[in-house]
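Residue numbers (our numbering): 2 to 343.
Quick notes on the structure that follows.
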């Protein structure tokens, strides 16, 4: 059986990435593409790199006929997403790529996103979409909330260490570099080539980044007590990729072993030999995440480095991995392409 798919927000980067992945999937057919701002255009006009595909024309969300559609990917901005999803057919399976359903606590959502949640009942039903840790719940879910790309990277590096009790929970520093596509496709002055290229800058410094809400929620639940990490993201002049470096107090060998044990059977998570560290080049355009561990010159300190592609494993690839589970398809289907290098 071929599942019929709709993509809302198809004119954005994550929407285009979904189309790229589904085009060679084999078990999915794209039946509808919603993009209100580009409605009436062909996908080839918006993204020429997809012109070889036979795709539906972009339409407004209101124009979509949901009859026969099995699953919808919603790649819309937060706040807009909850409004749209609330009005979708109740029998439709949904993978939301926005931030709207990631946080389980409505007060936490209001704190990090600056407005009250407009679909609190659905917020409580959503399953957090970090596939490797919520696989069974995702397979049975109607609504899955994709993680933030920064949040996913940090969690791949740190969740097994918190769960295994091999690090000091009060001394976790996460330094993260993210490519510009993580900011979306909307025009922003600071993302112009002349403003961004040849430089790197920290942003949301001092604990204001919204993905901290996900770290607080997930790490505290794992530990059974509040866990608050220090986190600083940096914008780098690259199109794709995230490189996260975590500084932790713990025995480096035990840290490496905990990661190896946690991911021993995971297809998309590669733990490198001790002392090796990954690059964003190693995972570009793929659904893989690479993890490396090394010791520090200071005894009892370990450094964990994680690399993934923010548009693939950090967003659209993760979304497709979750959709496969929700539809009863092989989890890896459409996602085993090798990274693009150079």
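For glycine and all other residues, C-beta sits at the position ideal for the given N, C-alpha and C.
{"query": "Are residue 148 and residue 130 touching if we call contact CB-CB under 7 Å?", "result": "yes"}
{"query": "Could you tell me which uninterrupted beta strand (DSSP E) segments, each at least 3 residues in length, are contained entirely in the segment 120-184, listed from first to last along the chain?", "result": "144-146, 173-180"}
{"query": "Which residue wins for smallest C-alpha separation from residue 3, given the options 273, 340, 334, 341?", "result": "334"}
{"query": "When the Cα atoms are used, what is the spatial distance from residue 65 to residue 283?", "result": "39 Å"}
{"query": "Which two residues bound the contiguous alpha helix (DSSP H) that contains residue 248?", "result": "Where residue 248 is concerned, there is no enclosing alpha helix (DSSP H), although the beta strand (DSSP E) it sits in stretches over 243-250."}
{"query": "Is residue 202 helix, strand or coil by DSSP?", "result": "strand"}
{"query": "Would you mind working out which of 78, 72, 249 sits nearest residue 94, comparing C-alpha positions?", "result": "72"}
{"query": "May I ask you to report which of helix, strand or coil DSSP gives residue 229?", "result": "coil"}
{"query": "Pull the bridge partners of residue 234 from the DSSP assignment, please.", "result": "177"}
{"query": "Taking the CB atoms as reference points, tell me whether residue 177 and residue 202 lie closer together than 7 Å.", "result": "no"}
{"query": "Which of the three DSSP states is assigned to residue 94 in this structure?", "result": "strand"}
{"query": "Tell me which residue opens and which closes the beta strand (DSSP E) that residue 111 is part of.", "result": "That residue, residue 111, is in no beta strand (DSSP E); its alpha helix (DSSP H) goes 107-114."}
{"query": "On the criterion of 16 or more Cβ atoms from any shown chain inside 10 Å, does residue 167 qualify as buried, or is it exposed?", "result": "buried"}
{"query": "How many Å lie between residue 34 and residue 81 at the Cα?", "result": "17 Å"}
{"query": "If you follow the beta strand (DSSP E) that residue 213 is in, where does it begin and where does it stop?", "result": "Premise fails: residue 213 lies in the alpha helix (DSSP H), 213-224, not in any beta strand (DSSP E)."}
{"query": "Does residue 118 pass the burial test, meaning 16 or more other C-beta atoms within 10 Å, or should it be called exposed?", "result": "buried"}
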